[in-house]
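Take the sequence shown: its letter number 197 is residue 197 in UniProt numbering, and every next letter is one higher. What follows is a single structure, written as structure tokens, with notes after it.
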Amino acid sequence: MQMIHAPMTAQEPAIVVVGSREDAHQAPNTTESKTAEELRQTTNVRNTEDALRYFPSLLVRKRHIGDTQAPLATRTSGVGASARSLIYSDGVLLSALIGNNNSFASPRWGMVSPEEIDRVDVLYGPFSARYPGNAIGGVVEISTRMPGHLQGSVTVAGNRQHFDQYGTDGNYPAYQIAGTVGDKAGPLSWFLSANHVDSKSQPLAYITVAQSPTSATPGRAVTGAFDRLSRTGSPIFVIGAGGFERQRQDNFKAKMALDLASGFKVRWQSAVFLNDTNSHARTYLTDAGGNDVLSGVVNIGGRNISIPATAFSNQVYRFDERHWMHSASIEQAAPGFFWSLTGSIYDYGKSEQRIVGSAAAIGTNGAGSVVRMNGTGWRTLDLHGYAHATGAHQVHVGAHYDGFTLKNARFATADWKSGERGALTQLSRGHTRTFAIWAEDQWSLAPSLMATIGARYEWWKAYGGRNFSMAPVLAVEQPEVISSGLSPKASLRWQGTRGWSATLSAARAIRFPTVSELYQAIATGPTITVPNPNLRPEKANSAELAVEHRSNGGHIRLSLFREVVRDALLSQSAPLPGSTQLFNYVQNVGKTRTNGLEASFERRDLLPRFDVSGSFTLTDPTIVSDPAFRAAEGKNIPQVPRRKATLVGTWRATNAASFTLAGRYASRSYGTIDNSDVVAHTYQGFEPYLVLDARAVVKLPRNLQFAVGAENFTDKRYFLFHPFPGRTLTAEVGWRF
């Protein structure tokens, strides 16, 4: 893995410059990087998040091509903690910090086309004062291309997944076409990109019912159920599958940059993401006449089973989304001096989900509900300045603003497919706002020793919270909440001879609650859970010792890290009273602790024309104290595996052909805060997996490139709550000019 600068000699110091522009900010964090060329050679990148597939300790929970709910898990946080990492594209925030979950708060990867990517950098831990406390787990910086001359590209790809489990057996294709074009004329450069995805997914959920101890009375006998255990070990029947998503997505983006006199640069970009998703469900049950059975009292294997009318309805829905992203920046660079001002807007211009109301309405225009998040979004503004204070000091200062808005309203409708919205049945809304100032001094203590001392102070406010429910009745105007805090940072780096270096870092990070953690209410039947607007910020104390060797042939690194979080904001999946459906609770947990070891290596030409890279991570993620739920103490932090590993080998057979074999491994984890989900290989379980991928690339004359690949080519069946894809074959052809 190369760093941001050109390959260095064994004596050159390893300096990482963060960001897509020359902002002169040297990060104290452990950093891993990949260029677009490396990704094209080794990785089947169908969506932008695929670029992170083989980075140390990272997991993106991508369930299928085009998945819009693909959160990032890091060394110390699971896939349900989307607000514990930060993802940027050219300095624009893609992390949806309106929540901390693996659904609507997942990063907005769709705003970046894979064809745009120039490089990806991952910074581990919260050790830079430049970033908010959400950087507890790390920061992903995606840099995209701006042309220096007329250039463009066209890529066409096709994919085919085969998936068979329980009563499902089918093929699920996906198609993609993407293009870019750009040019530079004098001081003005421009870039246009477009990306279209059409995909079908395997089932994302299974419909289950508890097995009854009651013997069946004479009645409607059905067949097709599968006798299994739930993740807590209780007997269940799997009676159907749902979440078969058909997605049509488009991304369009325009960028311009203007280089002015005196080192001034002005940049602008706008993008739109369109998503049209239809999901359906299938029952496995049939009666004696061969009719599909979706609800009612039935006889399964001599047991009396009652299937609710809504058992399949949550898996039958439609999404219609139109999201906008805009950003503008101005910067000036001069010898020993740099400043920049960047502003961005992300707007849920349209976000509408239509859900069927009951089994009787499936396949018809019956009653249901409409969920709208129109008007949800965020705004950010960042000011950054840099100067050489003296020959030994490089001082960075900055100021930050962000504002997040949640608008989540549910309406009744007589026609779930296309009917008008009726009465408002549920509402959650609110705002958060943060102001921050930060400073960081990179102090050269000696030719081989550099200290980085920094601090960030943040003022946070939550306001405008309101919750409403028609039935059960709820109408609450939530109180305003204000908090603030200081996050100090320190790092000491020794640069030895022959490419060796060692870095010791420590930092405090404060993550304030997201607007949905504060204000998102949950209603089920006669019960409603009122959100807690007084959640406390979680406070992380992190430390890392990294020893690394770099040379022209590659690198090897060993990191020891520790993270202690007080008042950790954790969610657990559990049913609410009166319902079998799972919901997420958010609560402050007294103290969590994670100690870990991470090894990363890359070696070019380990054998002639053969490159290898990989990583291995060991952790002990532990809930130390939870006064509100003592059963969780001593248990594993949810969704954080104790072991992770990657291994990638690439044979460059010729200058025009390469073949890559790669593997991803993770040990089992738990989905519940008390680790009561003892069965891993079942729907909603979190089991260990070893997945193997392959890719072959051939560069043809006339700037053509052809590639074929396979993901999970051993067809491993595994669950990370959801069933994950089976063997997927891919082929692509690209042309660049």
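We treat Cβ as the ideally placed atom computed from N, Cα and C, and that holds for glycine. This one's a predicted model, so the numbers in the text were calculated from it and none came from an experiment.
What number of angstroms, rounded off, separates the C-alpha of Phe-724 from the C-alpha of His-64? Residue numbering aside, residue 724 sits at position 724 when the sequence shown is read from its first letter. Residue numbering aside, residue 64 sits at position 64 when the sequence shown is read from its first letter. When rounded, the separation of the alpha-carbon atoms in Phe-724 and His-64 is 8 Å.
Beta-carbon within less than 6 Å of Gln-639's beta-carbon, same chain only, minus the 5 sequence neighbours each way: which residues are those? Stepping through the sequence shown from its first residue, residue 639 is reached at position 639. Same-chain partners within the cutoff: Gly-78, Val-79, Gly-80 and Ser-669.
Quick check on the burial criterion: 16 or more other C-beta atoms within 10 angstroms. Buried or exposed for Ala-369? Here residue 369 is taken as the residue at index 369 of the sequence shown, counted from 1. The amino acid occupying residue 369 in the given sequence is Ser; Ala does not appear at that position. With 16 or more other CB atoms across the displayed protein chains lying within 10 angstroms of its CB, Ser-369 is buried.
Give me, in chain order, the residues of the same chain whose beta-carbon lies closer than 6 Å to that of Arg-267; leave out the 5 immediate sequence neighbours on both sides. Position 267 of the sequence shown, counting from 1, holds the residue named residue 267. Excluding sequence neighbours, Arg-267 sits near Ala-257 and Ser-329.
Measuring CB to CB, does Ala-174 end up less than 8 Å from Asn-159? The sequence position of residue 174 within the sequence shown is 174, counting from 1. The sequence position of residue 159 within the sequence shown is 159, counting from 1. Yes. Within cutoff.
What are the start and end residues of the alpha helix (DSSP H) that includes residue 739? No answer is possible for residue 739: the residues shown for the chain start at 1 and end at 737.
For the region 472–535, which segments carrying the beta strand (DSSP E) assignment without a break, of at least 3 residues, lie completely within its bounds, in sequence order? If we require 3 residues or more, the beta strand (DSSP E) runs fully inside the region 472–535 come out as 474–477, 481–495, 500–511, 522–524 and 527–529.
Cα separation between Trp-378 and Ser-234? The count along the sequence shown starts at 1 and reaches residue 378 at position 378. The count along the sequence shown starts at 1 and reaches residue 234 at position 234. Computed Cα separation, rounded: 43 Å.
With 16 other Cβ atoms within 10 Å as the buried cut-off, status of Glu-544: Within the sequence shown, residue 544 is the residue found at index 544, counting from 1. Glu-544 comes out buried.
Do the CB positions of Ala-521 and Asn-588 come within less than 8 Å of each other? Walking along the sequence shown from the start, residue 521 turns up at place 521. Walking along the sequence shown from the start, residue 588 turns up at place 588. The answer is no: Cβ separation not under 8 Å.
Are the beta-carbon atoms belonging to Lys-184 and Gly-148 less than 8 Å from one another? Taking the sequence shown and counting its residues from 1, one reaches residue 184 at position 184. Taking the sequence shown and counting its residues from 1, one reaches residue 148 at position 148. In contact: Lys-184 and Gly-148 (Cβ atoms closer than 8 Å).
For Thr-682 versus Phe-721, is the C-beta spacing smaller than 8 Å? Against the sequence shown, residue 682 aligns to sequence position 682. Against the sequence shown, residue 721 aligns to sequence position 721. No, Cβ-Cβ distance for Thr-682 and Phe-721 is not below 8 Å.
Ordered along the chain, which non-local residues of its own chain (more than five positions away) have a Cβ less than 6 Å from that of Arg-562? Counting from one through the sequence shown, the residue named residue 562 turns up at place 562. Excluding its 5 nearest sequence neighbours in each direction, Arg-562 has C-beta neighbours in its own chain below 6 Å: Ala-543 and Asn-595, listed in chain order.
What are the start and end residues of each continuous alpha helix (DSSP H) run of 4 or more residues lying completely inside the region 625–658, in chain order? Under the rule that a run must span 4 or more residues, no alpha helix (DSSP H) segment is found entirely inside the region 625–658.
Alpha carbon to alpha carbon, how far is Asp-674 from Ala-631? Give it in angstroms, no decimals. Counted from its first residue, the sequence shown places residue 631 at position 631. Counted from its first residue, the sequence shown places residue 674 at position 674. Each residue's Cα considered, the two are about 6 Å apart.
Can you grab the Cα-Cα spacing for the pair Trp-735 / Ser-358, in whole Å? As a first step, residue 735 is located in the sequence shown; it is residue number 735 there, counting from the start. As a first step, residue 358 is located in the sequence shown; it is residue number 358 there, counting from the start. Straight-line spacing of the CA atoms in Trp-735 and Ser-358 works out to 49 Å.
Helix, strand or coil at Arg-75 [DSSP, three-state]: On the sequence shown, residue 75 is found 75 positions in, with the first residue counted as 1. Coil.
Quick check on Pro-71: buried or exposed, where buried means 16 or more other Cβ atoms within 10 Å of its Cβ? Position 71 of the sequence shown, counted from the start, is the residue given in the question as residue 71. Buried, because 16 or more other Cβ atoms sit within 10 Å of the Cβ of Pro-71.
Among Thr-434, Arg-421, Gly-430 and Ala-439, whose alpha-carbon lies nearest the alpha-carbon of Arg-398? Taking the sequence shown and counting its residues from 1, one reaches residue 398 at position 398. As written in the sequence, residue 398 is Gly, which differs from the Arg given in the question. Restricting attention to Thr-434, Arg-421, Gly-430 and Ala-439, the CA atom closest to the CA of Gly-398 is found in Ala-439.
Let me check one thing: in DSSP terms, what residues is Gly-454 bridge-paired to? Counted from its first residue, the sequence shown places residue 454 at position 454. Gly-454 is bridged to Glu-440 and Lys-489.
I'd like to know whether the C-beta atoms of Val-140 and Leu-52 end up nearer to each other than 8 Å. Taking the first residue of the sequence shown as position 1, residue 140 is located at position 140. Taking the first residue of the sequence shown as position 1, residue 52 is located at position 52. Taking 8 Å as the Cβ cut-off, Val-140 and Leu-52 qualify as a contacting pair.
Can you tell me the Cα-Cα spacing of Asn-251 and Ser-103, whole angstroms? Working through the sequence shown from its first residue, we reach residue 251 at position 251. Working through the sequence shown from its first residue, we reach residue 103 at position 103. So the two alpha carbons sit approximately 20 Å from each other.
Throw me the rounded Cβ distance for the Thr-42 and Ala-662 pair, which I believe falls under 8 Å. Mapped onto the sequence shown, residue 42 falls at position 42. Mapped onto the sequence shown, residue 662 falls at position 662. 7 Å between Cβ atoms; contact.
Under three-state DSSP, which class holds Trp-416? Taking the first residue of the sequence shown as position 1, residue 416 is located at position 416. Coil, per DSSP.
Is the distance from the Cβ of residue 757 to the Cβ of Ala-210 below 8 Å? There is simply no residue 757 to check, as the chain begins at 1 and stops at 737 in what is shown.
Close Cβ partners of Asp-23 (< 8 Å) along its chain, the five nearest in sequence each way excluded: One-based indexing of the sequence shown puts residue 23 at position 23. Only weak support is given to the placement of Asp-23: the predicted model assigns it a pLDDT of 40, under 50, and the question is left unresolved by the model.
Where in the region 136–213 do unbroken runs of the beta strand (DSSP E), each at least 3 residues long, occur, reported from the N-terminal end onward? Runs found: 138–144, 151–165, 168–185, 188–200 and 205–210.
May I have the straight-line CA-CA distance separating Thr-646 from Ser-559, to the nearest angstrom? Start at 1 with the first residue of the sequence shown, and residue 646 comes out as number 646. Start at 1 with the first residue of the sequence shown, and residue 559 comes out as number 559. Going from the Cα of Thr-646 to the Cα of Ser-559 covers about 16 Å.
In angstroms with no decimal places, state the Cα-to-Cα distance between residue 739 and Ala-696. The requested residue 739 does not occur in the structure, where the chain is confined to residues 1 to 737.
For Trp-324, which residues from the same chain have a beta carbon less than 7 Å from its beta carbon, with the 5 sequence-adjacent residues on both sides left out? Working through the sequence shown from its first residue, we reach residue 324 at position 324. Val-272, Asp-347 and Gly-349, listed in sequence order.
Just to check my reading of the structure: Val-586 and Glu-517 have Cβ atoms closer than 8 Å, yes? What is that Cβ distance to the nearest angstrom? Here residue 586 is taken as the residue at index 586 of the sequence shown, counted from 1. Here residue 517 is taken as the residue at index 517 of the sequence shown, counted from 1. Yes, Val-586 and Glu-517 are in contact; Cβ-Cβ is about 5 Å, under 8 Å.
Between Arg-84, Phe-686, Asp-611 and Asp-90, which lies nearest to Ile-98 when the distance is taken from Cα to Cα? Locating residue 98 in the sequence shown gives position 98, where the first residue counts as 1. Nearest to Ile-98 by C-alpha distance, out of Arg-84, Phe-686, Asp-611 and Asp-90, is Arg-84.
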